[in-house]
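Accompanying notes for the structure given below.
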Amino acid sequence: MHMVEGLQGSEFVVQLIGICYSGSLEMVTGYYKHGSADTLDELLERPELGHFNTLETRFQLCIDYVKILQFLHNSPLGVRVMCDSNDITKTLSQYLVTNDFHLVINDLDALPEVKADEGELIKCGHRELYGDFVAPEQLWPYGNSRPFDDEEMPPYDERIDLWRIPNVVDKLLGRVHNSNYVRRLLIGIHESCKQEDPEERPSATEVLEVFLNVQKIISAGKRQDL
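253 is the number that our numbering gives the last residue of the sequence shown; the numbers go up by one with no jumps.
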């Protein structure tokens with residue numbers, strides 16, 4: 028609840044309507060009829076919403092995703108990291124789709140703070156993580172040579188969020204007309220996001236700058252039919 032209250036006023040955060048004290052503490056937030064972003068494809072398949080299933084709408088959601096990361100990495104509550112994001116479905120379920128098809132972050136339960144100046148990094152949970160959706164630095168560095176030990180697991184920073192951007196964008200873009208053209212425009216920045224060395228990855232601000240330039244190309248291309 029501290030995070031929801033502390034980040035209110037941002038267009039990127041679910042709207043807090045009130046707090047109820049009836050036996051237990053309950054938050055009342057705004058109602059988002061379109062639900063969470065993990066059901067985006069099903070949502071846009073509805074006949075009454077088919078006109079939203081466009082490259083422009085889907086890429087705007089990609090931009091919103093990066094804007095939210097930029098906001099969290101520069102938030103009034105410090106550098107916050109999206110920790111509860113170990114697979115694509117779980118990641119997208121943390122975002123709600125607004126009536127006008129933008130994203131807001133809804134799940135703020137796992138946003139640990141990085142204090143790089145004080146040498147305080149983070150770890151997302153206390154169990155071993157697997158797969159290529161999580162950043163390389165989140166994987167147990169000793170492989171099968173020794174059993175996982177949380178105390179020996181090195182910490183990391185907000186750049187784990189950058190690693191996931193290409194996967195999330197690919198899912199949000201879907202297979203609409205000209206989506207592969209946009210994927211080609213994003214190859215360079217996505218390769219940067221997937222650098223094994225987190226120090227070599229761009230910041231969310233740098234990614235956003237590229238995305239906004241691509242959006243201009245999309246807008247110009249729409250007038251010229253790409």
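From the three backbone atoms N, C-alpha and C, an ideal C-beta is built for every residue, glycine too.
Asked, Found
"Assigned secondary structure, residue 140 (DSSP; H/G/I helix, E/B strand, else coil)", "strand"
"Closest by C-alpha distance to residue 23, when choosing among 167, 152 and 245", "Residue 23 lies beyond the stretch modelled for the chain, which goes from 28 to 253, so this question has no answer here."
"Coarse secondary structure for residue 53, derived from DSSP in three states", "strand"
"Helix, strand or coil at residue 147 [DSSP, three-state]", "strand"
"Assumed close pair residue 141, residue 132 - CB separation to whole angstroms, cut-off 8 angstroms", "Actually they do not touch by this definition, with Cβ atoms about 17 angstroms apart."
"Chain-order list of residues whose beta-carbon lies under 7 angstroms from that of residue 246 (same chain, five-residue window excluded)", "none"
"Residue 115 vs residue 198 beta-carbon contact at 7 angstroms", "yes"
"Counted within 10 angstroms of its Cβ, other Cβ atoms place residue 35 as buried (16 or more) or exposed", "exposed"
"Own chain residues within Cβ distance below 6 angstroms of residue 137, not counting five before or after", "110 and 111"
"Distance between residue 171 and residue 56 (C-alpha atoms, nearest Å)", "45 angstroms"
"N- and C-terminal bounds of the beta strand (DSSP E) containing residue 169", "Note, residue 169: premise wrong, no beta strand (DSSP E); not H, not E."
"Unbroken beta strand (DSSP E) run spanning residue 130, endpoints", "130-132"
"Cβ-Cβ distance between residue 155 and residue 175 below 7 angstroms", "yes"
"Pair within 7 angstroms by beta-carbon distance, residue 234 and residue 93", "yes"
"For residue 43, the nearest candidate out of 152, 29, 206 and 157 (CA to CA)", "29"
"Residue from 248, 225 and 204 whose Cα sits closest to the Cα of residue 186", "225"
"Neighbour-count burial assignment, residue 232, 16 or more Cβ in a 10 Å radius", "exposed"
"Span of the alpha helix (DSSP H) around residue 59", "No alpha helix (DSSP H) contains residue 59, which DSSP labels as neither H nor E."
"Stretch pair the segment 189-208 + the segment 83-92: three plus CB contacts closer than 8 angstroms", "yes"
"Runs of alpha helix (DSSP H) lying entirely within the segment 63-140, each at least 4 residues, in chain order", "67-71, 82-100 and 115-120"
"Burial state of residue 177, where buried means 16 or more other Cβ atoms lie within 10 Å", "exposed"
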